[in-house]
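Read the structure below first, then the notes.
Protein chains in written order, with this note's numbering: chain A, 1479 to 1692; chain B, 1479 to 1692.
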């Protein structure tokens, strides 16, 4: 994995470009420039071109990008030309919210199993899914071909759950527990920390205050 | 706000640096170099120096940064030298999970009120908080001096809630609803989209697959 030198910020921006291009395509726009993409998303145009240049030559100088082509290219780069079956561990409040989250389906993610070890939660319905005991995880992962697991359990159980996921062949983990997971280099982990998003807000409030006091 | 040209990716990295420096400080480390920070977080050292240079001169060439000083500086840049009282709208599954989320407190965020307009939810206890009706929002915001609101309501109610928040004087919104909010330029909005984090994973799985097929 060390040869993949694409910065994480670029990958995040690709997700934004992808969403924006799909909105624009729906409106019937055929071509778009890096300047237009940049302005709509508050990014530098040179950054847009640099981000896309990691993945080959797109667009024509002076004409811009074909919206549909670029949109499909980016979806493919992000691996979104297929549906990803995802298993979810933890059927507490956060896990339940994630199981019912509408935003996943739209981007090609399908929760195929929700697991918990709490007997009061097992058997509960979350949308069309029934919460299953953890000992059925291996079976579901194999049947559905899942490579991605979401962890939404308390922090003190997260490492054990991560090991279980890796043990049944999961290759990528989205971790909502506020703790650092120790897994092998072969497994990709993405941590979700809600405070990071709040800090982007307080940064802005803070900057504004300093600015007003000048 | 147009004069604040700090890229959002820099702000996100500042949050990471901040977390890392606090871990390192706890271990008793006194000085640290940009190379060490960069290596620990998988960032380019030049990027670390550039990110910090937005906010003045830190560190000594050849010696590095004083961990505690830099940590405090970054906390201050992010506005984390104070406690932020936050109001939360929506006491459904996601809202409840957020109200009980342990990660906020650690970074100086305090949920001071949870609101819903569903009479079945009003009065319910979430930790030490009781869910309040939305018509008490203005009162709580004023009493607590909240500038930040979190939206965790269904997409079709989000815009209305955003307007209500702005109406009572909220300056910054963290939006968990999968929709674009229309608020004035004076209000900072940060959207949380869980699929973006999943796409960072599928990107990696995709790249790895391409790499193996070479």
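All C-beta atoms, glycine included, are put in the ideal place defined by N, C-alpha and C.
Residue-chain proximity (residue i, chain B), Cβ-Cβ < 7 Å
i: residue 1668 of chain A; result: yes
i: residue 1655 of chain A; result: no
i: residue 1591 of chain A; result: no
i: residue 1552 of chain A; result: no
i: residue 1489 of chain A; result: yes
i: residue 1511 of chain A; result: no
i: residue 1648 of chain A; result: no
i: residue 1480 of chain A; result: Summary for residue 1480 of chain A: the model assigns pLDDT 40, below 50, so the residue's position carries little reliability, and this model does not support an answer.
i: residue 1516 of chain A; result: no
i: residue 1534 of chain A; result: no
i: residue 1626 of chain A; result: yes
i: residue 1575 of chain A; result: yes
i: residue 1566 of chain A; result: no
Min CB distance residue i to chain A below 7 Å
i: residue 1571 of chain B; result: yes
i: residue 1585 of chain B; result: yes
i: residue 1596 of chain B; result: no
i: residue 1673 of chain B; result: yes
i: residue 1581 of chain B; result: yes
i: residue 1549 of chain B; result: no
i: residue 1557 of chain B; result: yes
i: residue 1519 of chain B; result: no
i: residue 1607 of chain B; result: no
Cβ-Cβ separation, residue j to residue i (assumed contact under 8 Å), whole Å
i: residue 1662 of chain B; j: residue 1567 of chain B; result: Residue 1662 of chain B to residue 1567 of chain B, Cβ: 18 Å. No contact.
i: residue 1555 of chain A; j: residue 1492 of chain A; result: 6 Å
i: residue 1679 of chain A; j: residue 1668 of chain B; result: 5 Å
Option in the options with minimal Cα separation from residue i
i: residue 1653 of chain B; options: B/1670, B/1637, B/1639 and B/1660; result: B/1670
i: residue 1672 of chain A; options: B/1686, B/1543 and B/1629; result: B/1629
i: residue 1557 of chain B; options: A/1533, A/1677 and A/1486; result: A/1677
i: residue 1666 of chain B; options: B/1559, B/1684, B/1682 and B/1643; result: B/1643
i: residue 1655 of chain B; options: B/1505, B/1571 and B/1617; result: B/1571
i: residue 1599 of chain B; options: B/1614, B/1618, B/1620 and B/1574; result: B/1574
i: residue 1512 of chain B; options: B/1638, B/1527, B/1504 and B/1505; result: B/1527
i: residue 1507 of chain B; options: B/1484, B/1549 and B/1486; result: B/1549
i: residue 1505 of chain A; options: A/1545, A/1493, A/1532 and A/1531; result: A/1545
i: residue 1623 of chain A; options: A/1565, A/1533, A/1510 and A/1689; result: A/1565
i: residue 1658 of chain B; options: B/1635, B/1547 and B/1647; result: B/1635
i: residue 1625 of chain A; options: B/1522, B/1681 and B/1542; result: B/1681
i: residue 1489 of chain B; options: B/1522, B/1530 and B/1509; result: B/1530
i: residue 1616 of chain B; options: B/1641, B/1523 and B/1578; result: B/1641
i: residue 1683 of chain A; options: B/1514, B/1688, B/1651 and B/1674; result: B/1651
i: residue 1483 of chain A; options: A/1533, A/1510, A/1524 and A/1686; result: A/1533
i: residue 1620 of chain A; options: A/1639, A/1638, A/1609 and A/1647; result: A/1647
i: residue 1463 of chain B; options: A/1688, A/1675 and A/1690; result: In the structure displayed, chain B extends from 1479 to 1692; residue 1463 of chain B sits before or after that span and is not available.
7 Å Cβ cutoff, residue i in contact with chain E
i: residue 1623 of chain A; result: Here chain E cannot be found, since the structure's protein chains are A and B.
| task | Examine the Cβ distances between the stretch 1584-1593 of chain B and the stretch 1604-1620 of chain B and report whether three or more of them are shorter than 8 Å. | result | yes
| request: Determine contact between the stretch 1573-1585 of chain A and the stretch 1516-1528 of chain A, defined as no fewer than three beta-carbon pairs at a distance below 8 Å. | output: no
| message | Would the stretch 1497-1516 of chain A count as touching the stretch 1486-1505 of chain B if we require 3 or more Cβ pairs under 8 Å? | response | no
| Three-pair Cβ contact test at 8 Å for the stretch 1537-1557 of chain A versus the stretch 1535-1543 of chain B | no
| message | To be precise: take each residue of the stretch 1675-1686 of chain B, compare its Cβ to all Cβ atoms of chain A, and keep it if any distance is under 8 Å. Which residues remain? | response | 1675, 1676, 1677, 1678, 1679, 1680, 1681, 1682, 1683, 1684, 1685 and 1686
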